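Below is one structure, written out as C-alpha cells, with a few remarks after it.
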Amino acid sequence: MNSLGKVYLVGGGPGDPELLTRKAYRLLSEADAVVYDRLVSPVIVDLVPEGCTRIFVGKASGQHTLQQDKINELLVTLAQSNRRVVRLKGGDPYIFGRGSEEALHLARHGIPFEIVPGITAAAGISAATGIPLTHRRLASGVKFVTGHCRDDEELDLDWKSLADPQTTIVIYMGLSKLETLSRELIAAGLSPRTPAVAVANGTLRDQRQCVSTLEDLPNAVTAVGLISPVLCLIGDVVSLAHELNWQGLFYETRDMLKVSA
Ligand code: SAH
1134 MNSLGKVYLV GGGPGDPELL TRKAYRLLSE ADAVVYDRLV SPVIVDLVPE
1184 GCTRIFVGKA SGQHTLQQDK INELLVTLAQ SNRRVVRLKG GDPYIFGRGS
1234 EEALHLARHG IPFEIVPGIT AAAGISAATG IPLTHRRLAS GVKFVTGHCR
1284 DDEELDLDWK SLADPQTTIV IYMGLSKLET LSRELIAAGL SPRTPAVAVA
1334 NGTLRDQRQC VSTLEDLPNA VTAVGLISPV LCLIGDVVSL AHELNWQGLF
1384 YETRDMLKVS A
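Numbering (our numbering), first residue to last: 1134 to 1394.
Spelled out as C-alpha cells, the structure:
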C-alpha cells in the first residue's frame, strides 16, 4: 500500500459558519477531499476551496444517498490515495450521526484519523435562542436523546428516567416521533404543561422556532410547519425563552406557560 493519508472527522457545527472552530476552518482549507452530509449547511460547503474534491453523501431519515457501509469504505479508499481527507459532519462528529462508527471502521483498517469536535446542535440552539440547558433552580442536568428509530420499530427510550422535571431533555432527530415522545413522557409522569420548544435550522438565517407545552408540541410543530432539521428542548428552562430572547426571535407561540425562575 502507498503511504496513507489521514481522515479528519470534523464537526461542522450547527450551521452558522462563524461557529466553525478555527481547526475545522483550517482543515477545510487544506483538504484534498471533503466528504459531507446533508446537515452541513451550504454556506459551510462553500468554504471548501476550488480544486478540492467534494463528495456529498447526504443522508435523510429513511433515504440514504450512500449507505453507511459505503461511506465507511469510501473514507478508506480516499485515504489510500489522498493526503488529507475531511469527513465533515453536522454539529459534533461524536454526537449521534454515526461518527464513531466511521472512526471504528478507520481504526480497524489501519487508517490514521483524527477527531475534531464541533458545536453540537443543542449548544448552538441554546445560544441562539438564549434558552439555557441547565439552570440552578430549573434544571440540574441535561440529557441528549435521539428520536430516531427504524421505520418499522417503536421508539424504545427509558421513559421513566427521562421524565425527570429537573432534567432538560434535548431531542435530536425527533420530528417524526414527536407524538410518541410527548405521549410517553407524559405517561411516565412529566407534566403535560412542561414548557417545550422546537427549533428548525438553528443558527442559520432561516431559523424558525415555536414554543409550546410538552402536550401540545406535536400539534404546534405541525401547525407552524417546521421541517427538518428540528431540535426540541423540553423542560422548565424553556420558560425563560421570552425573557432571554436576546436576538428578538419571533416565536410562533401557541401556549406559553409560566414557570418562574
Ligand atoms: N452530530 C450532530 C447531530 C446529528 S443528528 C450534532 O452534534 O448536532 C441530526 C439531528 O441533529 C437533526 O435531526 C436535528 O435534530 C439536529 N440538528 C442538527 N443541526 C441542527 C440545526 N441547525 N437545527 C436544528 N436541528 C439540528
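We put the beta carbon where it would ideally sit given N, CA and C, even for glycine. None of the values given here were measured: they were computed from a predicted structure.
* Write down the C-beta distance between Gly1224 and Thr1253 rounded to the nearest angstrom, noting that I regard them as a contact closer than 8 Å. => The sequence position of residue 1224 within the sequence shown is 91, counting from 1. The sequence position of residue 1253 within the sequence shown is 120, counting from 1. Sure, about 4 Å apart at Cβ, within 8 Å.
* Proximity test, Val1332 beta-carbon vs the ligand SAH heavy atom, cut-off 8 Å -> Here the question's residue 1332 lines up with position 199 in the sequence shown. Yes, the beta carbon of Val1332 sits closer than 8 Å to at least one heavy atom of the ligand SAH.
* **Nearest residue (CA-CA) to Ser1309, options Val1354, Asp1349, Ile1319** => The residue labelled residue 1309 in the question sits at position 176 within the sequence shown. Residue Val1354 is the option with its Cα nearest to Ser1309.
* **Outcome for Leu1153 when other beta-carbon atoms lying within 10 angstroms are tallied against a minimum of 16** => As a working note, residue 1153 is residue 20 in the sequence shown. It counts as buried.
* Scan the segment 1289-1325 and note each continuous alpha helix (DSSP H) run of 4 residues or more that stays entirely inside, going in chain order. => Entirely contained in the segment 1289-1325, the alpha helix (DSSP H) runs reaching 4 residues are, in chain order, 1292-1295, 1311-1320.
* Specify, as a first and last residue, the run of the alpha helix (DSSP H) that Ala1152 falls within. => Here the question's residue 1152 lines up with position 19 in the sequence shown. The displayed chain sequence assigns Leu, not Ala, to residue 1152. Per DSSP, Leu1152 belongs to no alpha helix (DSSP H) and is neither H nor E.
* Asked: For Gly1144, does the three-state DSSP call read helix, strand or coil?
  -> For the purposes of this step, residue 1144 is identified with residue 11 of the sequence shown, where counting begins at 1. Correct three-state label for Gly1144: strand.
* Using the beta-carbon count (16 or more within 10 Å), is Ser1361 buried or exposed? -> Here residue 1361 refers to the residue found at position 228 of the sequence shown. The residue is exposed, with fewer than 16 neighbouring Cβ atoms inside 10 Å.
* Can you give me the Cβ contacts of Lys1293 inside the same chain, cut-off strictly under 6 Å, excluding the 5 residues immediately before and after it? => Numbered from 1 along the sequence shown, position 160 holds the residue referred to as residue 1293. Around Lys1293: Ala1321.
* Where do the N-terminal and C-terminal ends of the alpha helix (DSSP H) with Ser1259 fall, by residue? -> Here the question's residue 1259 lines up with position 126 in the sequence shown. Counting along the chain, the alpha helix (DSSP H) containing Ser1259 begins and ends at 1254-1262.
* Leaving aside the five residues before and after Leu1290 along the sequence, list all residues of the same chain whose C-beta is less than 7 Å from its C-beta, in chain order. => For the purposes of this step, residue 1290 is taken as residue 157 along the sequence shown, with counting starting at 1. In its chain, beyond the 5 residues on either side, Val1278 have a beta carbon closer than 7 Å to the beta carbon of Leu1290.
* Could you tell me how far apart the beta carbons of Val1330 and Val1371 are, in whole angstroms, since I believe they sit closer than 8 Å? => On the sequence shown, position 197 is the one that residue 1330 refers to. On the sequence shown, position 238 is the one that residue 1371 refers to. Between Val1330 and Val1371 the beta-carbon gap is near 5 Å, inside 8 Å, which marks them as a contact.
* **Burial state of Glu1376, where buried means 16 or more other Cβ atoms lie within 10 Å** => Residue numbering aside, residue 1376 sits at position 243 when the sequence shown is read from its first letter. Burial is judged here by how many other beta carbons sit within 10 angstroms of a residue's own beta carbon; Glu1376 has fewer than 16 and is exposed.
* To do: Please classify Ala1414: is it buried, with 16 or more other beta-carbons within 10 angstroms of its beta-carbon, or exposed?
  => Residue 1414 is absent from the structure shown; the chain starts at 1134 and stops at 1394.
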